[in-house]
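Heads up: the structure comes next, in structure tokens.
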Amino acid sequence: MNGTAAGCELERRRDDVRHSALYGIDYVETGASLSSLDVHFLGKAPPSLDAQQLRIEGGAPVTITALRLVHESDPAFDDWLEIDVDRPGDACTYTLSIVDAASGAPLAGFDPRFASATFSFAASCPSDLDCCAPPACAAAARTAPDIDYLAKDYDSFRRLITDRLALTMPDWQESHAPDLGVMLVELLAYAGDQLSYYQDAVATEAYLNTARLRISLRRHARLVDYAMHEGCNARAWVCLAASRDVSLDLSDIAFCTAFAGSPDASVTPALRASQLAGAPPGSVEWFEPLWPDRSQTVELRAAHSEIAFYTWGDGACCLPAGATRATLADRWLPADGAPRRALNLRPGDVLIFEEVLGPRTGEAADADPAHRQAVRLTRVTPSVDPLYDADAGGRPVVEIEWCTQDALRFALCLSAVMPAPDCGCRDAISVARGNVLLVDHGMSVGETLGGVPPGADCTTCATDCAPPRRIRTPARFAPQLGGAPLTFAEPLSRTCCAADLIAQAPRRALPQIVLIETPVDAQPGANPQYDGRGMAAPGVDGAGGATSGPAGAGGADSARRDVHASGPSANAGQATDLSDPADSTHSSGTTDTTAISIPPPAPSIVWTPAADLIDSGPDDRRFVVETDDDGIAHVRFGNGVEGRAPDAGASFAAHYRLGNGPAGNVGAESIRYLVFTSDRFDANGLAPRNPLPATGGTAPETAAEVRMFAPHAFRATLERAITADDYAALAVDNARRRAERPAARCAAPFEPVLGAQASLCWSGSGYEARVAVDPRDRETLDAALAGELHAYLARYRRIGHDLRIAAADYVPLDLGLAVCVTPQCQRAHVKAALAAVFGSGTLPGGRPAMFAPANRAFGQRVYVSRIIAAAQALDGVIDVRVTRLCAYVPGTPAPGAAPDHVPAHGVLALGAAQIASLDDDPRAPGHGRLTLLIRGGL
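Under the numbering used here, think of the first position of the sequence shown as -2, with each following residue one higher.
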């Protein structure tokens, strides 16, 4: 193309020349050999051309050696000229011109702007640059204003705006505050400061590591499958001493600690709720019965207040540590007919064993307060001792058993011989106490949350089956509770032991709150145009007039199907608030936080709390409680997809409990008063006390802990068994198996697993996970434990893996030792010490023996050096030699003094699924044999 001073993007002249009588060059391209050129014309070419009329200028000179003009017969194709040159040119830009040989001007008949064209011999060479020509009219570079993008506060924004206005409005030089321009500048700077703060706040709360608000941290942690907990309340066992048999309604009572101005608990152990109204804020801790149904009535018996242990006529007796059964003394009650027992214990009742006298002195002040423990009965068997009171048909006794999880942690003395001068056997050193209630920290209160504000109204289209409906959409409704701190507690599970009832997992704790919804059509003076879902009822138009819909087809009936007759519990909101509202409540201006009784309206709907709404459906009436940094609880409803959204116009009331965290961990003997929360007051000679301290109260998780643990929490919990080691790790996780244990097996004792070994084996059609387990208390695997483990591991197994549970392969050892003893030691003493060390029991001081269950493991090798070191550590041992170390074979003679069957390298190797066993029990020779050859000594 011809060069030109002006560059244009729209080349209209090219098409004009093509359709005119003038000639013109379209473009020039080089041939494959770079020594030929192809000149393409705009349509037609002149009849003839010679080399004198062609000029090639630019770069290294080239000479035309030949040319051939081609005229196309088809008018759709352009004519072209083939030119041969003596050699290829360089990479410079060349210009080919068709000129008059004499004057050098463009040849006659050629358009002056298309009589020449530029080309390059290097155009066909590979290049990584864009071949597109730059735009002819490039936009001029604009100079950006000098703006300080670091301005983030009021002062910097004000200075930035002032400097800019000084540049754009140099005539405006006013700087006084009353000036309108200055006022606008300061107003814009203030708005910019607020927007800048909002941007920083959003950016800060957008990430887990930088978020500062507690609610933001909770949501971020949930996204990485980490449950941030809000703590949980404390639980305690309360014994009620009764002077006579009485029935007690749990919905009418509560318990509390002493407070300033409280009466003497030994004289007045029962109070009315009104008597605590003047208690100083924060001076009273409130506890309520923890029962699946608080409206239930419990039977208290005077005979259960203190129950003596029965020792069958023996003296100086005790229950050893680990005991799970005992005998209680009963008595006959006078009756007209058949004799009746005083005790009425049943499986599931909780007893507290308590040492009431010092075993050495017989004084109550010397009793050890640490010797107290709660147990839950699993079996109660009434019996009779025929040896005593034969005339009365024998002495009545009760045989009781409790689960292994509640096994005694200490030796409980039942009777003891007193020192001189008494020297007699004192009974009733320890007693059992019944009438035990499980209570937890927290006070029930009630509060109205107001109504759901309506949003925009929209109307649906009429169909053949339904008239048009006006839908009232709800606006955002996120109320906050007026009281704090809200109680969090783990739901009460069905379990067979007292230890599990008192323990809690804070991450499984839920807020103790329910919401009572009163639908729009159930409220006094409700608008009949709208049903419970915020829709105009069929048969009524938006203005209240009749429509053509079927009369009587009320849409409110669909909402009433979800209405319950009453609230969640009869006692909701009946307790008296003991704290000062100015100190412990946070009023939002629309709620009343005093402890009031809010009876649920007759047609009411119950909403229950949930940890999150991820698994909730559009019709699930659930909500989430989120606690902010000030301890204020905020209620969050669903959006209609994950959880149901509240209906516009519906009103809500909250029934919840106040009291959480370590404040409820009161000491033993701190719960001293029985409080009647209703008008009924009948002390009935009841005196409460908590022999054991309240436990489980946990503070909310801090923000620093969430930032530390949340990013790596997914690695801490194994959710799926993929490898063989995963199966073994899940099998030995006794805490998880116990928590997931079905309620149907609750009454059966829980048997922990000490170790497990797993392998993946090809069965011909797939992989089979073979899990070998080592039970804690025995070397056999019964069908019940195998079935429980199979059901437990089946929830975690990989798809396609079969599962088989088997017992470990126990290898009984045949161990022989030749020991030389010092002359001043008794051989029998050394032999007994060696038998204890190489046994499977417990050594003095609580250490496990070498082959005790606590020291054994799958595939663990047995080292001769370790055996020698353990024997050499005993007093009186001079020399030790291992004469035999191998697997025991029944019928093999005992080893002698000469070594035989000792591993060459001093190591007895075992298989991956094998465990070394040595009980040295003559009654069970298949469990290993220990042969000791003692020399020297006495």
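Note that beta-carbon positions come from the ideal geometry of N, C-alpha and C, so glycine has one too.
Computed from a predicted structure; not experimentally measured.
query	result
If we count the other Cβ atoms within 10 Å of its Cβ and call it buried at 16 or more, is Arg84 buried or exposed?	exposed
Considering only C-alpha positions, which residue in the set Leu478, Leu715, Arg920 is nearest to Arg633?	Leu478
Where are the alpha helix (DSSP H) runs, 4 residues long or more, that stay fully inside the region 667 to 736, in chain order?	700 to 706, 710 to 713, 721 to 728, 731 to 736
When you compare only the Cα positions, how much space is there between Val442 and Asp676?	17 angstroms
Can you tell which of Thr201, Ala825, Leu268, His787 has the C-alpha that lies nearest to the C-alpha of Gly682?	Leu268
To the nearest angstrom, how far is the alpha carbon of Arg641 from that of Val517?	16 angstroms
Less than 8 angstroms between the CB atoms is what I'm expecting for Val36 and Thr62, so what's the real figure, rounded?	Contact doesn't hold; Cβ gap of about 15 angstroms is too wide.
Under the rule that 16 or more other beta-carbon atoms within 10 Å means buried, what is Phe485, buried or exposed?	buried
Check whether the region 786 to 798 touches the region 878 to 895, taking contact to mean three or more Cβ pairs, one atom from each stretch, closer than 8 angstroms.	no
Between Leu405 and the rest of its own chain, which residues show a CB-CB distance below 7 angstroms, the 5 nearest in sequence each way excluded?	Leu316, Ala318, Gly319, Ala320, Gln370
Contact check, Leu354 vs Ile304 under 8 angstroms by CB: the rounded distance?	Going by Cβ atoms, the distance from Leu354 to Ile304 rounds to 15 angstroms, so no, they are not a contact pair.
Helix, strand or coil for Pro565 per DSSP?	For Pro565, the predicted model reports a pLDDT of 33, less than 50, meaning its position is unreliable; a value from the coordinates is still stated below. Of the three classes helix, strand and coil, the one that applies to Pro565 here is coil, per DSSP.
From what residue to what residue does the alpha helix (DSSP H) around Glu26 run?	Where Glu26 is concerned, there is no enclosing alpha helix (DSSP H), although the beta strand (DSSP E) it sits in stretches over 22 to 27.
Measuring CA to CA, which of Leu812, Pro820, Gly842, Gln821 is closest to Leu831?	Leu812
Which two residues bound the contiguous alpha helix (DSSP H) that contains Thr159?	151 to 165
Suppose you measure from the CA of Gly836 to the CA of Tyr860; what does that come to, to the nearest Å?	16 angstroms
Just tell me which of Leu184, Glu296, Pro175 has its CA closest to the CA of Arg156.	Leu184
Excluding the 5 residues preceding and the 5 following Arg65 in the sequence, name in chain order all residues of the same chain whose CB lies nearer than 6 angstroms to its CB.	Glu79
Taking the alpha-carbon positions, what's the Ala326 to Leu342 distance?	12 angstroms
Within 10 angstroms of the Cβ of Cys462, are there 16 or more other Cβ atoms? Answer buried if so, exposed if not.	exposed
Under 7 angstroms, do Val281 and Phe256 count as touching if we go by C-beta distance?	yes
Give the range of the beta strand (DSSP E) segment to which Gln911 is assigned.	911 to 914
Going by Cα to Cα distance, which pick from Ala766, Ser760, His709, Arg139 is closest to Ala718?	Ala766
Taking a contact to mean a Cβ-Cβ separation below 7 angstroms, would you say Val436 touches Pro508 in this structure?	no
What does DSSP give as the partner residues of Val199 in its beta bridges?	Val199 pairs with nothing; no bridge assigned.
Start and end of the beta strand (DSSP E) containing Gln370?	369 to 382
For the beta strand (DSSP E) containing His438, list its first residue and its last residue.	433 to 438
Within this structure, are the beta carbons of Asp346 and Thr294 separated by less than 7 angstroms?	no
Which word fits Glu444, buried or exposed, when buried means at least 16 other C-beta atoms lie within 10 angstroms of its C-beta?	buried
Nearest CA to the CA of Leu237: which residue from Ala188, Leu297, Thr515?	Leu297
Specify the secondary structure class of Ala783 as computed by DSSP and reduced to three states.	helix
Assuming Ala804 contacts Thr839 under a Cβ cut-off of 8 angstroms, what Cβ separation, rounded to an integer in Å, is found between them?	Going by Cβ atoms, the distance from Ala804 to Thr839 rounds to 23 angstroms, so no, they are not a contact pair.
Check this for me: beta carbons of Gly637 and Pro659, under 7 angstroms apart or not?	no
Could you please give the first and the last residue of the uninterrupted beta strand (DSSP E) stretch that includes Val936?	The requested residue 936 is not part of the displayed model; the chain covers only -2 to 935.
Between which two residues does the beta strand (DSSP E) harbouring Ser601 extend?	It is not in any beta strand (DSSP E) - Ser601 carries neither H nor E in the DSSP assignment.
Going by DSSP in three states, Pro1023 sits in which element: helix, strand or coil?	This structure gives no information on residue 1023, because the portion of the chain shown stretches from -2 to 935.
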